[in-house]
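S.K.:
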Amino acid sequence: MDKNGLSSFLLGLGVGVGIGMLFAPKSGKETREVIKNKAGESTDYLKQRSTEIKQTASEWVDKGKDALGRQKENIADAMEAGRQAYREAVGHEAPPAAEGTAN
Numbered sequence: 077m078d079k080n081g082l083s084s085f086l087l088g089l090g091v092g093v094g095i096g097m098l099f100a101p102k103s104g105k106e107t108r109e110v111i112k113n114k115a116g117e118s119t120d121y122l123k124q125r126s127t128e129i130k131q132t133a134s135e136w137v138d139k140g141k142d143a144l145g146r147q148k149e150n151i152a153d154a155m156e157a158g159r160q161a162y163r164e165a166v167g168h169e170a171p172p173a174a175e176g177t178a179n
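Residue numbers for the sequence shown follow our numbering, so the first one is 77 and each next one is one higher.
(1) For residue 104, which three-state DSSP category applies?
(2) Mind the definition here: the region 116-133 touches the region 143-154 only if three or more C-beta pairs lie below 8 Å; say whether that holds.
(3) If I'm right that residue 137 touches residue 111 with Cβ under 8 Å, what's the distance once you round it to whole angstroms?
(4) Using DSSP with H/G/I as helix, E/B as strand and the rest coil, what is residue 167?
If you want it as structure tokens, here you go:
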């Protein structure tokens, strides 16, 4: 649920509780019990969604790390191919790579 959806959910929850209290045919004690139960359900729902969002974010981070690792390998392979092509064209060893470059 996006931020806007969560805000709508909480607003709807508050309005529903308020209207329910105004038109409730139950006693105050029963109404308070219903409100307590609904608040508990809402808390459980929000905890569950929070856990799901954290898990999804963690999966995205892992996928991003994997993609970066593959790109690093591709760049290193391309650099080595360039060095090899240079060696073949010039006929001797390529100069060593400067420190701090990808290998």
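Heads up, the beta-carbon is just placed ideally off N, CA and C, and yes, glycines get one too.
M.R.: Walking through what the data contain:
(1) helix
(2) no
(3) At roughly 39 Å, the Cβ-Cβ gap does not stay under 8 Å, so residue 137 and residue 111 are not in contact.
(4) coil
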